[in-house]
Amino acid sequence: MNKKIVLTVVFTAFCALASAQETSWSLSRCIETGLQNTIEIKIRQLEIKRTEKSQNSVLNRMLPTVDLNGQQGYIFGSTIDPATNARVSSNFQSDNFYLNARTNLIDFGAFANAQKDKINIAQAKAEKEVIENEYKLQILESYYQALYTQELSKIQKEQFVQATFNLDRVTKEVAIGSKPQSDLYDMQLSFSEEENRNLETEQLYAIKKMELFQLMNVSDAGLSDAIVLESYFNERATEDLDQGIYNPKIKLAELQYENSLKSIRVERAFNLPVLSAYYGFSSFYYKTLNQMNSNTDAFFTQLEANKSQQIAMQLTIPVFNGFRNTKKISASKIESEKSKLVIEQTKQLLNNQIELENQNKRNYTEFQDKLNKKQSYAKASLATTQAKFESGKVEAVLYSSVKNQFISAEYEVLKNNLQLQYIDLKINLLKNNSL
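Printed below as a string of C-alpha cells:
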C-alpha cells in the first residue's frame, strides 16, 4: 500500500513538472505580453503617431497658401443717359475671378512652433514610457504576489504527502490495536486542517494568477489554471546601481519644462514683425442685360483683355494690442516656473521611494540570517519529533504543531528571499526602467 502511494506521488509530481515546463511564465514574458496587449499603451502609441502627423516643419510653414475665387453678380436698376438726358435701364452681369498666393518670408512664430512640435513628439513618447514604467511595476507586484502563493502551495503540498503517509500509518496501527483511537482522531483533525489550508492556498493562488493575467489582458482562463511562475534570477538585480536615475518620469518633467520655454517664445513671436509676399491674378467678364443692341465681347475675349496681376510685399509690425499678449507671456513664464518645480518634485519623490526600498532591502537582508537559523532549528525539531511520533513517544497534536512550525519557517525563508529579489527588481525599474 505504501509503495503504491509513493509511486502515485512521484508520478503526479513528474507530470506536474512536465506541465510546468511547457506552460511556465517568466517575469520577462509577462511584462512583454502585457506591453503588447495593454490598451492604454496602444492608445499612447496612437497619440505618438497623431503628434507626428500634426507636426509642421519650418519649410512646411513657409509654403505659400494659394486660393482661387470666383464671383458672379447682377446689378438691376436705371441710370441717366448723358446723350439724351433720359433715364434708361441699367442691368448688368459681371463675373470676377481671383487667384491669390501669400507666404511669410520672415516669421519668427513659424520657427518657434516648429521647435515646439518636435518637443511635443518627444513628450508624447516620454508619456508612453511613463505608462510602461508604471505598468511594469504593477506587473512586478502582481507577479510576486502570485509567486509567493505558488511557493507556499508547493511547500504545503510536500508536507501534505507526509501527512497522508502518517494518517495511513496511524490508521493501520489503530486497526491492529497498537495505538489508541484518540491518536487517530488527532491525526484526522490535523490532516483535515492541512487539507483545508492547502485548498485555501490553492484558491488564493488561482485568484492571484487570474489577477496577473487580467492585468496582462490575457483572457484565456484555461491557460491561467495551468501556468507555473518562475523566479527571476539576474546577477545584476542584486547589485547596487549608483549611476544615477533615468526614470521616464524625470524625462517627461524635463520635456514639459522645455515645452513651456518654447511656449514663451511662441507668445513673444506675436510681438515681432512678419514679412510677407503676395501675388494676385484677376480678370472679369461684363455683360449688359435686356438690351438688343448691346455689343458685348465674348466671354474668353473679355477674360483675356481684362486680366491683371499684382505683386506686393507686406511688413507687419505689431504696435499695440491692449497688452493681451504681454499677459499671455507672463502666464507662460509662470507655467514654466511650475514645470521647473515639477522636475524637482519628481526627482524628490523618486529618491524618497528608492531610499525607502533600499531600507527595506537592508531590513530583509539583516533578517535573513535569523530566518535561516530558525529554519534549521525547525527542521531539526521536526526530524526528532517525527522519529518520536513514529515510535509512539509523542502525541499527534504535538507532532502537527512542530510540523506547522517547520512549514512556517520554511516559507518565511523563501518569502524573504523573494522579497529581496522583488525589491532589487523594483529599484531597477525605478532607476532605469528595466529589470
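Those letters in the sequence shown? Residues -20 to -1, 1 to 415, per mature numbering (1 follows the signal peptide of the UniProt record, and there is no 0), in order. For every residue, glycine included, the Cβ atom is placed at its ideal position computed from N, Cα and C.
Using CA coordinates, which residue listed in S172, V150, E173 is at the minimum distance from S162? Distance check between S162 and each of S172, V150, E173 places V150 closest, using alpha-carbon atoms only.
Would you mind reading off the limits of the alpha helix (DSSP H) that contains G260? Note, G260: premise wrong, no alpha helix (DSSP H); beta strand (DSSP E) at 254 to 268.
Please name the residue, chosen from S380, S58, N76, that lies closest to Q136 on a Cα-to-Cα basis. S380
Straight-line CA distance for N340 to V154? 51 Å
With respect to the beta strand (DSSP E) encompassing T83, which residues constitute its N-terminal and C-terminal limits? 72 to 86
L362 burial status per 10 Å Cβ neighbour count (16 or more: buried): buried
Burial state of E215 (16 or more Cβ within 10 Å): At E215, the pLDDT of 46 sits below 50, so the modelled position is not reliable and the matter cannot be decided from this model.
Helix, strand or coil for A233 per DSSP? helix
By the three-class DSSP mapping on this structure, what secondary structure does D277 have? coil
Does the ligand GDP have a heavy atom nearer than 7 Å to the CB of I156? This structure lacks the ligand GDP; in fact it carries no ligand of any kind.
Between L398 and T3, what straight-line distance do the alpha-carbon atoms span, to the nearest angstrom? 21 Å
Hey, is the region 345 to 358 in contact with the region 242 to 249, meaning 3+ C-beta pairs nearer than 8 Å? no
Tell me, to the nearest whole angstrom, how far the beta carbon of residue 420 is from that of K229; I am working on the premise that it is less than 8 Å. Given that the chain is displayed from residue -20 to residue 415, the structure contains no residue 420 and the question cannot be resolved.
Would you identify the three-state DSSP class for Y391, choosing helix, strand or coil? Judged by DSSP in its simplified three-state form, Y391 adopts helix.
So what does DSSP say about V110, is it helix, strand or coil? helix
If we call anything under 8 Å between Cβ atoms a contact, is E182 one with S133? yes
What runs of the beta strand (DSSP E), each 3 residues or longer, lie entirely inside the region 288 to 329? 288 to 296
Going along the chain, which residues of its own chain have a beta-carbon closer than 7 Å to the beta-carbon of I309, five neighbours each way excluded? I244, E247, R248
Buried or exposed: which applies to D87, given that a residue is buried once 16 or more other Cβ atoms fall within 10 Å of its Cβ? buried
Endpoints, the alpha helix (DSSP H) within which G14 is located: 7 to 17
Check for me: the alpha helix (DSSP H) holding L184 runs from which residue to which? 161 to 195
Do three or more CB pairs link the region 43 to 50 to the region 10 to 29 at distances below 8 Å? no
Residue nearest to N286 in terms of C-alpha spacing, selected from K22, Y265, S6: Y265
Proximity of L269 and Q35 at Cβ, strictly below 8 Å: no
May I have the straight-line CA-CA distance separating L415 from I334, to the nearest angstrom? Distance between the alpha carbons of L415 and I334 is about 15 Å.
Pick out whichever of F303, N76, K242 has its Cα sitting closest to the Cα of K98. K242
How far does the beta strand (DSSP E) with L43 in it extend, from its first residue to its last? Segment: none, L43 is in no beta strand (DSSP E) and carries neither H nor E.
Apart from the five residues on each side of it in sequence, which residues of its chain come closer than 7 Å, Cβ to Cβ, to T276? K267, T268
Which class does L48 belong to by DSSP, given the choice of helix, strand or coil? strand
Where G89 and K33 are concerned, what is the direct C-alpha to C-alpha distance, given to the nearest angstrom? 20 Å
Confirm, please, whether the CB-CB distance from Y185 to Q130 is below 8 Å. Yes; because the gap between Cβ atoms is below 8 Å, this pair is in contact.
Whose C-beta lies closer than 6 Å to the C-beta of S262 among residues of the same chain, with five residues either side of it excluded? Contacts found: Y78, S288.
Looking at the structure shown, is A63 part of a helix, part of a strand, or coil, going by DSSP? coil
Any idea if S240 is buried or exposed, counting beta-carbon neighbours within 10 angstroms, 16 or more meaning buried? buried
Distance between K152 and A376 (C-alpha atoms, nearest Å): 15 Å
By the three-class DSSP mapping on this structure, what secondary structure does G89 have? Helix.
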